[in-house]
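Read the structure below first, then the notes.
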Amino acid sequence: MDAGKASAEEDTLGQLFMSWIKDTHENPTRENFLRIQEMMDKGCNEKQFVMRSQRLGVHSALTIARLLDRTPIERVDLYENVIRDHGLQALAQLVRDSRSLTYLNVGGNDIGRAGCAYISALLPTNKKLKYLILGSGESNLHLNKINHEAGKQLADALLKNKTVKWLDLNRNPLGVEGQDAFYTFAKLVAQSKTLTTLKLGSAAMGTPAAIAIAGSLKESATLEYLDLHDNDLQPAAAEALAEAIIAKTATGTPSTLQALLLQGNPKLRPKGVIPLFRALREDQALTTLNLAKTSVGNEGALILAETLAVNKTLTHLDLTDNGISEEGAVGLCQALLPNMGVRFLSLSANKIRDEGACALAQTLENNNTLTQLELATTRISDRGTVALGVALAMNSGITCLKMNNNHISDAAGKAFAELIEKNTKALTIALKGNQVSHSTLLQVKKVLKKNKDLKDGDTPNQLQGEVIRLHFQQYKLAEANSQLKEHQKARLELQEQADRTEREAMTENENTAKRSKEIIEKILMVEQYCQEMQMKQKAKEEDMDKGSQQFELDLKALQEKLKADTLAKEEKLAEAESNEAKLKEMELARKKKSEELQSNLEAVLKDKTAWEEKMRIYRGAAQEAQDRIVEMEAVVKEKQALLAQERQLKEAKKKEVKKTKSPDDLIDSLLGA
Numbered sequence: 001m002d003a004g005k006a007s008a009e010e011d012t013l014g015q016l017f018m019s020w021i022k023d024t025h026e027n028p029t030r031e032n033f034l035r036i037q038e039m040m041d042k043g044c045n046e047k048q049f050v051m052r053s054q055r056l057g058v059h060s061a062l063t064i065a066r067l068l069d070r071t072p073i074e075r076v077d078l079y080e081n082v083i084r085d086h087g088l089q090a091l092a093q094l095v096r097d098s099r100s101l102t103y104l105n106v107g108g109n110d111i112g113r114a115g116c117a118y119i120s121a122l123l124p125t126n127k128k129l130k131y132l133i134l135g136s137g138e139s140n141l142h143l144n145k146i147n148h149e150a151g152k153q154l155a156d157a158l159l160k161n162k163t164v165k166w167l168d169l170n171r172n173p174l175g176v177e178g179q180d181a182f183y184t185f186a187k188l189v190a191q192s193k194t195l196t197t198l199k200l201g202s203a204a205m206g207t208p209a210a211i212a213i214a215g216s217l218k219e220s221a222t223l224e225y226l227d228l229h230d231n232d233l234q235p236a237a238a239e240a241l242a243e244a245i246i247a248k249t250a251t252g253t254p255s256t257l258q259a260l261l262l263q264g265n266p267k268l269r270p271k272g273v274i275p276l277f278r279a280l281r282e283d284q285a286l287t288t289l290n291l292a293k294t295s296v297g298n299e300g301a302l303i304l305a306e307t308l309a310v311n312k313t314l315t316h317l318d319l320t321d322n323g324i325s326e327e328g329a330v331g332l333c334q335a336l337l338p339n340m341g342v343r344f345l346s347l348s349a350n351k352i353r354d355e356g357a358c359a360l361a362q363t364l365e366n367n368n369t370l371t372q373l374e375l376a377t378t379r380i381s382d383r384g385t386v387a388l389g390v391a392l393a394m395n396s397g398i399t400c401l402k403m404n405n406n407h408i409s410d411a412a413g414k415a416f417a418e419l420i421e422k423n424t425k426a427l428t429i430a431l432k433g434n435q436v437s438h439s440t441l442l443q444v445k446k447v448l449k450k451n452k453d454l455k456d457g458d459t460p461n462q463l464q465g466e467v468i469r470l471h472f473q474q475y476k477l478a479e480a481n482s483q484l485k486e487h488q489k490a491r492l493e494l495q496e497q498a499d500r501t502e503r504e505a506m507t508e509n510e511n512t513a514k515r516s517k518e519i520i521e522k523i524l525m526v527e528q529y530c531q532e533m534q535m536k537q538k539a540k541e542e543d544m545d546k547g548s549q550q551f552e553l554d555l556k557a558l559q560e561k562l563k564a565d566t567l568a569k570e571e572k573l574a575e576a577e578s579n580e581a582k583l584k585e586m587e588l589a590r591k592k593k594s595e596e597l598q599s600n601l602e603a604v605l606k607d608k609t610a611w612e613e614k615m616r617i618y619r620g621a622a623q624e625a626q627d628r629i630v631e632m633e634a635v636v637k638e639k640q641a642l643l644a645q646e647r648q649l650k651e652a653k654k655k656e657v658k659k660t661k662s663p664d665d666l667i668d669s670l671l672g673a
């Protein structure tokens with residue numbers, strides 16, 4: 001079983017070595033073979049394959065993908081090699097087929113749009129990958145070159161992915177030709193339920209895009225680490241980040257952002273960073289804040305000091321190269337006196353001088369929480385150095401102090417070295433770039449070694465060691481006499497043994513010659529084996545080419561399907577826009593109709609009011625007429641009564657006339673009538 005495993009490992013090593021030879025055009029020497037073997041022994045096992053900075057190229061990537069296929073590999077780290085797009089294509093197939101791979105690091109490998117497309121194509125359906133590193137470092141020779149189109153395609157794919165939690169795209173030209181990729185990443189931050197780390201540093205991001213990403217933090221429930229360094233951002237970007245933090249605090253929703261990296265954005269200035277500092281007064285999540293080279297100045301430093309007086313969450317604070325002088329440094333130190341949260345503080349490349357160093361020394365006398373303090377290139381001279389030495393003699397927290405490239409004389413250096421002899425915690429003190437002699441540096445180094453030994457527990461107590469040594473010597477003296485006699489006896493035995501050894505040496509020489517012959521035969525067998533492996537390698541490469549062609553066909557089909565889905569989506573969006581336009585027209589018509597009805601209602605109300613007024617007038621006139629009618633009826637009744645009386649009188653008169661007149665008079669009367 002062990003022999004079979006060893007044979008498989010030798011086969012793997014041989015194939016990888018031959019691929020490396022093709023990539024680098026080096027000679028297949030024993031030295032090169034042993035170097036590759038050493039790297040594999042250090043970084044490779046059944047769970048991980050780590051080979052950084054080894055000039056691995058396309059051939060090596062193809063071999064690695066083939067060798068790791070169908071294995072329980074979990075981590076592949078090929079950072080700072082030269083696998084390029086075709087190499088990533090092979091690794092993409094490995095990611096697609098693997099049931100265990102969760103970590104892929106191909107940063108600094110000259111990967112461009114095509115390589116990113118291979119990874120983007122498989123992300124929507126992949127359910128294992130959690131860490132995807134495509135970023136590059138400052139010192140990488142072969143930076144990745146993922147542009148805005150590839151970046152947007154990657155972000156769209158991640159919107160459909162449910163596992164990736166770490167994405168590194170530092171130093172890719174995502175925003176050189178367009179900014180649309182960043183807006184898709186903002187959407188990803190708002191919607192993702194898994195993404196915790198997003199690195200978009202030095203990616204040519206514009207301020208509007210940064211504002212969009214900051215706005216997405218209001219909706220994010222998972223993002224913990226955001227890197228936007230070296231993007232030439234304006235103050236509005238920092239203000240948007242402050243608004244996002246305040247919005248989280250105001251709504252009572254726990255913020256998840258723990259680290260914010262904004263270094264290398266000198267245009268932020270106090271206008272941008274001051275709102276951020278004020279927002280952090282109530283925040284209880286952010287622990288790391290890097291604002292190196294952001295032009296904080298004394299104004300910003302004093303506002304930050306006010307924040308540190310109430311914020312106990314921030315532990316890592318980098319203010320390197322921010323134009324802070326003695327005034328700002330003293331303000332920060334006063335805030336750090338009661339603050340028991342900050343553990344790392346960098347004020348390097350700020351002109352804090354001796355006054356700032358003395359203020360820091362006073363802080364260190366009372367604050368044992370701060371463990372790392374960086375004061376390189378801060379124009380500290382002898383007075384500040386001695387003050388810091390006095391503080392370190394009493395401080396039990398500082399483990400790392402950097403004071404290189406200052407104005408420290410050898411006399412001050414010696415005083416500092418003597419003062420820190422009482423310190424038992426400092427492990428690193430940097431004093432290079434000062435006028436300090438080599439002997440003084442050795443004295444400081446001796447103190448640091450003592451502290452390291454105490455920390456590691458390697459050096460026992462000296463007194464106890466001396467007691468043990470004396471007991472041991474006493475014991476050895478008691479045995480000396482008996483051993484002397486035994487030595488005399490042993491001398492004779494050694495003489496006999498020497499004779500036997502000489503005879504055995506002669507036999508061993510004969511055996512060595514025989515083994516040398518066997519080794520030569522094995523070397524010939526290995527050379528023959530290498531030739532066979534080359535033939536097998538060629539056949540497997542042909543198989544890989546066929547697989548690559550099939551993968552390209554599959555990728556093309558997926559792209560066509562994606563294009564069709566995109567067209568369908570655009571049609572639906574157009575239909576939705578049309579419906580929305582109709583809805584707006586109906587809303588306008590309804591609003592216009594409502595206004596007309598309102599106008600008519602107002603007119604009716606006016607008419608009603610006028611009609612009621614007229615009715616009131618008519619009722620008054622009718623009442624007056626009724627009263628007049630009653631009066632006239634009374635008059636009529638009176639006149640009727642008078643007429644009735646007159647008629648009665650006339651009738652009475654007529655009756656009397658009839659009684660008194662003769663017939664002739666009556667006739668005359670009638671005729672006359």
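Take the sequence shown: its letters are residues 1 to 673, numbered as in UniProt numbering.
Note that CB positions come from ideal geometry on N, CA and C, so glycine has one too.
Bear in mind that the values here come from a model prediction, so they are computed numbers and not experimental data.
Taking the DSSP output, what are the residues bridged to residue i?
i, result
"N105", "D77, I133"
"F49", "C44, V76"
"T288", "A259, H316"
"K199", "D168, D227"
"F344", "H316, Q372"
"L401", "L373, I429"
Ignore the nearest five residues each way along the sequence and tell me which others in residue i's own chain have a CB closer than 6 Å to its CB.
i, result
"Q372", "F344, C400"
"D227", "K199, G201, L261"
"F33", "F17"
Report the option in the options whose CA atom is closest to the CA atom of residue i.
i, options, result
"N144", "K127, E560, E80", "E80"
"A90", "C116, S100, K592, P72", "C116"
"Q537", "Q48, R30, L67", "L67"
"K160", "E149, G137, N126", "N126"
"residue 675", "T102, H25, T29, I213", "The chain is shown from 1 up to 673; residue 675 falls before or after that span and cannot be answered."
"P208", "A190, L88, F182", "F182"
"I146", "L262, I213, N172", "N172"
"A114", "A150, T71, G14", "A150"
"E138", "L169, T385, R379", "L169"
"S255", "E282, A238, K271", "E282"
"L291", "A259, T313, Q284, V310", "A259"
"L62", "I213, W20, L392, K556", "W20"
"L233", "K218, A240, G206, E631", "G206"
"I133", "G107, L141, H142", "G107"
With residue i and residue j assumed to form a contact (beta carbons below 8 Å), what rounded beta-carbon distance in angstroms separates them?
i, j, result
"N367", "G397", "7 Å"
"G300", "V330", "With a Cβ gap of about 15 Å, G300 and V330 do not count as contacting."
"L454", "T424", "6 Å"
"F277", "L304", "5 Å"
"A391", "E355", "No, A391 and E355 are not in contact; Cβ-Cβ is about 15 Å, not under 8 Å."
"D23", "R75", "Wrong, their Cβ atoms sit about 22 Å apart, outside the cutoff."
Buried or exposed, going by whether 16 or more other CB atoms sit within 10 Å of the CB of residue i?
i, result
"S439", "exposed"
"D458", "Confidence is the limiting factor: at D458 the pLDDT is only 48, short of 50, which leaves the residue's position unreliable and the question unanswerable from this model."
"M1", "Bear in mind that the predicted position of M1 carries a pLDDT of just 43, short of 50, making it unreliable; the figure below should be weighed with that in mind. By the 10 Å Cβ count, M1 comes out exposed."
"Q263", "buried"
"S100", "exposed"
"T251", "exposed"
"V444", "buried"
"T378", "buried"
"D382", "buried"
"Q27", "For the record, residue 27 in the displayed sequence is Asn; it is not Gln. Per the 10 Å Cβ criterion, exposed."
"R84", "buried"
"I629", "exposed"
"Y118", "buried"
Sorted by chain position, which residues of the same chain lie with C-beta nearer than 7 Å to residue i's C-beta, five sequence neighbours on each side aside?
i, result
"D69", "L94, D97"
"S295", "P266, L268, R269, N322, G323"
"G389", "A415, F416, L419, I420"
"A65", "A90, L91, Q93, L94"
So, for residue i: in the same chain, excluding its five sequence neighbours on each side, which residues have a beta-carbon less than 8 Å away from its beta-carbon?
i, result
"Y187", "The sequence shown places Lys at residue 187, rather than the Tyr named in the question. Excluding sequence neighbours, K187 sits near A155, L159, S216."
"T369", "N339, M340, G341, V342, R343, G397"
For residue i, is the beta carbon positioned less than 7 Å from some heavy atom of the ligand ATP?
i, result
"I246", "Ligands displayed in this structure: none; no statement on the ligand ATP is therefore possible."
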